[in-house]
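Protein chains in written order, with UniProt numbering: chain A, 1 to 469; chain B, 1 to 437. Every residue gets a Cβ at the ideal spot worked out from N, C-alpha and C, and that includes glycine. Heads up: the structure comes next, in structure tokens.
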Amino acid sequence: MSSGAPPASPLDAELLAELRQLVPSDALLTAPEDLIPYAFDGTAAHRARPAAVVIPTDRDQLIAVVRAALRREVPIVTRGNGTGLSAGSLPSTGSLVVCLNRLDRILELDPANLTMMVEPGVVTQTISSAAEAADLFYPPDPGSMKISTIGGNVAENSGGLRGLKYGVTRDYVMGLEVILADGSVCWLGGKCVKDVAGFSLRDLFIGSEGTLGVITKILLKLVPKPAARRTLLATFASMEDAASAVSGIIAAKVVPCTLEFLDQKTIRCVEDFAHVGLPVSAGALLLIEADGNPAAVDAEIAVVEATCRAHHATDIRAAADAAEATRLATARRSAFSALARMRPTTILEDVTVPRSELARMVRFIETVATKHDLQIATFGHFGDGNLHPTFLTDERDEAEMVRVHTAMQEIVTMTLELGGTITGEHGVGLAKREFLPQQLGDASYQLHRQIKRTLDPAGLFNPGKVLAP
Amino acid sequence: MKTGPGSLAEMDYSVLQQCMHCGMCLPTCPTYEETKRERHSPRGRIALMRAIADGEMEVSKAFGEEMYYCLGCLACTTACPAGVDYPQLFEAARAEVEEAGVLESPKRNAIRASVLRGLFTRPRLLRLIGRLLWIWQASGGQSLFRRLKLNRLLPANLRRLEPQAPAINRQFSHQLIRPVERPAAPTRRRVAVLTGCVQDLAFSDINRATVDVLLANDCEVHTPPVQPCCGSLHAHNGDLATARELARRQLDLIDPDQFDAIISNAGGCGSHLRHYDHLLTDDVRYAAKAIAWSAKLRDIHEYLVEISFRAPTAPADAQTVTYHESCHLCHGQKVSAQPRAILQAIPGVELRECAESTWCCGSAGIYNITQPETSARLQERKLGHLAATGAGTVATANPGCHLQIANGLSAGGDTTTTVEHPIVLLARAYAAEHSRP
């Protein structure tokens, strides 16, 4: 798709006039030069221009803006820094994009309760650093954590490199404030570790991808900072060896916090960008990190090292210090973007399988690539079974794009056959909407639709995402 | 003004496509951080460029203003894992803006014609103006002017700029440096030194120091006394035709085949100079020579480290030094460790890192003239970080940054902190070796 989306119809004039009263003059954008840059998020093959963009600077403005749009039945698409990988924050036709990246304050750090209250536009890295400064730890660490905002992380229920041991964003959200479709503001959850009053509505909003309401405040759970951390880089001749080493580590009942892998294409692209000394001729790499109390970390690393050797690791290197460990993790975080060095369009999948099926899945992806004459690079979070097979293609080659789509369907089908999921951490958005009924089954899919109809009867929150209209 | 090849619609589309809008550039972009608006981010600007290449949007006044709101600091290129060639896109976009004439006004046209094409293409005229400025400053005219508050008579933008004008040196490079200078020890390498424009007028002592350190490292140094501007100002301001013409003149003056290296000591110039191969790729007569030139072009710090420069045995006068990285030296040329290595090799120097050392100081070519408000905010932010180190000397290797920081310090009443080029500190240490008993 080399030509962009057609210009969207202009927004209701009365709404514009009202918004102009509510926000500063540089916070309401309607000119083409302002709107074109909002026609996408981090997803490659989708594009749509909003009718207008509004960037409120505080909670009161945000609530007033959302209420104004709801009153006039104008669809609302919320967005942070637009790094999503499922087109979840892509504008819908005629929509008002409400950009939350100016709501970027940490409201409270409460060490007595191990919590932090933040606005949705705070960049995740800022949260991580603020926790660290208080000798605490916020474990979720999406690859894009230096850019992505916490509101987006909660809305998409983002994962990250430490998912294996620490889970996903959901596991660290204790409370949420949301604006509902009738304009009311609702608080869900609280600071109590144990709280079983009523339905778990907070969880309903986590991962709802902006389709049920607008998040205005988030209460996060923090944990003590691990006392020690050690990082290993293990090199393998093939992906299968690496996959079997991972199965071996899990079978040995060791849970490192990070167990990442990169295939050869990814290793080369990452090294080309980051220059951290990755072995560019290796068939596969595992980046492994253990954290916790020092004695336990040493014991875990010893098992990991022995297991890697038993599964034919050709080289095992330990990060010399924290700085090197950070360099390696940062290099790994660039994997998706670095792959664009090979072909201009990168389409990232997010399939996840039970860990026992990893080797089979990896083999299958290779078969699909050969069968359809496509380049697919694979990297991801081996430890939690979350794979990112990435199609390296060119959106201008229509025939190839058709083959990409066929291959994608085959990969999804296989994933579901193996008991996996179509998305481990990026969300459904638009990109994976067509596959959702297949995964959920009829009863669950209808329940999803019913919930959406109940909470958003007019269909104004992020229309068309997750569920087909 | 005809731009020739390189406009957005004509360029290789894959350069535009390379941006997969992952957003890795966002936290490194000073203008995005300032406004949090997508159009003020690298990927937002590329989206606009692509819309133009796709015929979805005309080159408009707003597009032109956006391209000039970009600092061109290239921090995004360091952050970009996909390897987007932002410098090429940026220059093509500004060239397109100039060709379309969307920002034209009689005043802007007159300034561009007189400054870019009139002054900065004529080295002798530039020196004559420099000489007149020096007389004005040295004769006390300037201070009298300021004491009598006559600057109130100037139009607003000139009134603001007047105190920012660089202090002109008494002697220019050709008066300080002979065309060929040979080292005391046997010659091991032959190099050519580029003297620059602002560097030649305001910082000719830095050029002299550059020659001195090269001599101290057994290089035979060739410095043509009259040199054309390298064209960096023109390329960065949308005048690629003049930039190409100046590059050809540079290649006529200095034959890369005659030297082991061609040395630049100004971050901004060097960043442009090392891409002559790209600039002249379609020029049948000059393309091959330009490739040879780009292969030989070295930043002075980079070259000294490459030839394993000799550490001085005597100290320089500076004790606590912090280093501000010129955008085009660190992001444009990827020279970041070498200036630090040089500073640390000087006995007695304590290098204190400042926060955000690679964040733009707001000078950005002529950005401080075209976008004074954003420039001033960046200057303030930079000064805060520099002051927090408590260092007595700020080292930096680009005339624009040098002036921006020095002006900021003096405007804030700081009379003790000095600004120096790292090479000047090194040259002083070498010189001190001889003055010791």
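| Item | Value |
| --- | --- |
| Residue ranges of each alpha helix (DSSP H) within the stretch 54 to 104 of chain B, 4 or longer | 61 to 69, 75 to 79 and 86 to 100 |
| CA nearest to the CA of B:C327, picked from B:S41, B:V198 and B:C73 | B:C73 |
| Cross-chain neighbours of A:N101 in chain B, by beta carbon under 8 Å | K36 |
| DSSP three-state assignment for A:M401, whether helix, strand or coil | helix |
| Identity of the residues DSSP links to A:R229 by a beta bridge | A:D291 |
| B:H324 and B:T396 closer than 9 Å at C-beta | yes |
| Whole-angstrom distance between A:R396 and residue 492 of chain A, CA atom to CA atom | Because chain A is modelled from 1 through 469, residue 492 of chain A falls outside the range shown and cannot be assessed. |
| Cutoff 9 Å: B:L74 Cβ touching any chain A Cβ | no |
| Reference A:I215, options A:G175, A:A323 and A:A284, closest by Cα | A:G175 |
| Of the listed residues B:V349, B:F90 and B:Q137, nearest to B:A311 (C-alpha basis) | B:V349 |
| Residue burial classification, A:V362 (beta-carbon count within 10 angstroms, cutoff 16) | buried |
| Euclidean distance between Cα positions of B:V97 and A:L440 | 52 Å |
| Whole alpha helix (DSSP H) elements within the stretch 161 to 192 of chain B, 4-residue minimum | 173 to 176 |
| B:T313 versus A:V270: straight-line alpha-carbon distance, rounded | 41 Å |
| is_contact[A:G151, chain B] using C-beta, thresh 9 Å | no |
| Coarse secondary structure for B:T418, derived from DSSP in three states | strand |
| Cut-off 7 Å between Cβ atoms - residues of its own chain near B:P183, not counting five sequence neighbours on either side | L215, D218, C219 and E220 |
| Within chain B, the residues that A:F205 reaches when beta carbons sit closer than 9 Å | What A:F205 touches in chain B: nothing, since even the nearest Cβ is about 24 Å away. |
| Span of the beta strand (DSSP E) around B:D283 | Neither: B:D283 is in no beta strand (DSSP E) and is coded neither H nor E. |
| A:N386 beta carbon less than 9 Å from that of A:E209 | no |
| Local Cβ density within 10 Å of A:V402, reported as buried at 16 or more and exposed below that | exposed |
| Partner residues on chain B for A:D12, Cβ-Cβ distance less than 9 Å | Ordered by position in chain B, no residue passes the 9 Å Cβ test against A:D12, which lies about 22 Å from the chain. |
| Short CB-CB distance (under 9 Å) between A:Y38 and chain B | yes |
| Entirely enclosed alpha helix (DSSP H) segments - the stretch 191 to 275 of chain B, minimum 4 residues | 198 to 202, 204 to 216, 232 to 236, 240 to 253 and 267 to 273 |
| Stretch-stretch touch, CB-based, cutoff 8 Å, three pairs: the stretch 73 to 91 of chain A with the stretch 41 to 55 of chain A | yes |
| Test: A:L262 CB closer than 9 Å to a CB of chain B | no |
| Three-state class that DSSP yields for A:L19 in the structure shown | helix |
| Neighbouring residues, chain B, relative to A:T83 (Cβ below 7 Å) | C22 and G23 |
| The beta strand (DSSP E) enclosing B:Y323, as first and last residue numbers | T320 to Y323 |
| Assumed close pair A:V122, A:Q61 - CB separation to whole angstroms, cut-off 8 Å | Not quite, the Cβ-Cβ distance comes to about 17 Å (not below 8 Å), so this is no contact. |
| A:L15 versus A:S95, A:D141, A:V255 and A:N101, residue with shortest Cα-Cα distance | A:S95 |
| Segment contact flag, the stretch 407 to 421 of chain A with the stretch 67 to 77 of chain A, C-beta cutoff 8 Å, min 3 pairs | no |
| Unbroken alpha helix (DSSP H) run spanning A:A87, endpoints | From DSSP, A:A87 is part of no alpha helix (DSSP H); its letter is neither H nor E. |
| Within chain A, partners of B:E98 - CB distance below 9 Å | Within chain A, no residue comes near B:E98; the closest Cβ sits about 18 Å away, beyond 9 Å. |
| Nearest residue (CA-CA) to B:R131, options B:V198, B:A185 and B:Y69 | B:V198 |
| In chain order, each alpha helix (DSSP H) run of at least 4 residues that lies wholly inside the stretch 308 to 338 of chain A | 322 to 333 and 335 to 338 |
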